[in-house]
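Read the structure below first, then the notes.
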Amino acid sequence: MNYLFISGSMKDKGGLAMMQGAINGIKFLDPHAQFAAVVAKEEEAEHPDCPVVTMKDGIRFADRFLDVGGRCHDSLDRRRWVGRARRKDIPLIWMSQSFAPMLQNRELFIGTIPIARGSSSAKKVENITGRSPVVAADLSFLVIPKGWGERVKYERAFTTHIKKTGQRWNDHIIEDSIQIVWKEDKNRLHEPMLPMKQYSGTVEENFGMIANCGALYTSRYQAACAAILAGKPLMLMTAEVNAFKYHDLKAFRRMSKEQLRASAMLSCVAAVEAGKMNPWSI
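Note that the numbering used here has the sequence shown beginning at 135, numbered continuously upward.
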């Protein structure tokens with residue numbers, strides 16, 4: 135089966151974490167799966183398992199359209215992809231997301247298969263559509279951290295976000311701290327820098343570094359998922375407007391690693407078995 139990612143950013147490791155988790159989970163269920171992605175024009179993205187293609191080539195390639203979130207305020211782009219899915223009779227799956235920008239436009243759910251990223255997000259969808267979606271944990275819980283199980287290298291790790299500033303980071307910085315960079319482009323950083331050593335690796339390496347730190351202070355959702363997956367203490371440094379999605383994140387903290395991964399796999403099951411499922415009619 136051929137799977138086309140139609141959203142997300144391959145420059146931002148948050149978007150990459152969700153894509154990588156989806157790839158890992160789908161490959162487990164469909165060993166012959168092939169992947170491609172349509173990304174924003176300004177991106178120069180590479181992924182060993184998921185080449186970037188043009189929209190035209192992607193539509194010809196695809197048996198499934200996968201939206202993993204990201205570019206979260208572009209509802210116009212989503213409407214266009216819903217239209218393409220209907221015209222081409224290609225299943226479109228909203229994989230494990232909170233639907234924040236879509237909650238004012240119930241038509242985006244018609245003819246698609248939505249998977250809510252937690253019960254709080256599912257309740258928001260039910261409120262506007264009258265239907266309850268499948269609930270699955272964030273796809274980044276399916277990332278395999280690199281270097282998992284090594285000794286603790288730093289007592290505290292930090293990850294920041296350019297749109298979530300103003301937090302009192304300095305109140306929490308100690309000498310043995312490291313900042314894990316989540317978004318960069320040609321050596322130009324896209325997030326506030328803190329007065330400490332910085333580290334930037336692949337998605338798997340960043341997850342592994344978080345797993346090998348004593349605690350995480352973060353304003354990034356997928357970085358928080360990395361800490362939860364590793365069972366690390368977590369402080370959320372965000373005043374996120376869409377607070378309901380952080381309610382889901384807090385609920386994940388009560389789950390074991392095995393439970394988190396089993397829940398996230400429900401989203402991948404929907405992608406693989408979409409042909410057997412009934413798209414929504416509202």
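Beta carbons: idealized from backbone N, C-alpha and C, even for Gly.
Beyond the five residues adjoining it in sequence on each side, residue 379 comes within less than 8 angstroms, by CB distance, of 232, 234, 251, 252, 254, 255 and 355 in the same chain, given in chain order. Secondary structure in the segment 251-300: the beta strand (DSSP E) runs of 3 residues or longer, each lying completely within the stretch, are 288-293 in chain order. Annotated as proximal: residue 288 and residue 346, with beta-carbon spacing under 9 angstroms. The Cβ-Cβ distance between residue 313 and residue 336 does not fall below 9 angstroms. Nearest to residue 368 by alpha-carbon distance, out of 381, 409 and 291, is 291. Residues 402, 403 and 406 of the same chain have their beta carbon placed closer than 7 angstroms to that of residue 163, with the five preceding and five following residues left out of the count. Taking every protein chain shown into account, the CB of residue 165 has fewer than 16 other CB atoms within 10 angstroms, so this residue is exposed.
In this structure, the beta-carbon distance from residue 135 to residue 197 falls below 9 angstroms.
Residue pairing by DSSP places residue 248 opposite 228 in a beta bridge.
Rounded to whole angstroms, residue 246 and residue 311 show a C-alpha spacing of 44 angstroms. If you ignore the 5 residues before and after residue 192, its C-beta comes within less than 7 angstroms of the C-beta of 138, 170 and 172, all in its own chain and listed in chain order. For residue 350, the enclosing beta strand (DSSP E) has its first and last residue at 347-352.
Under DSSP, residue 312 forms a beta bridge with 291 and 331.
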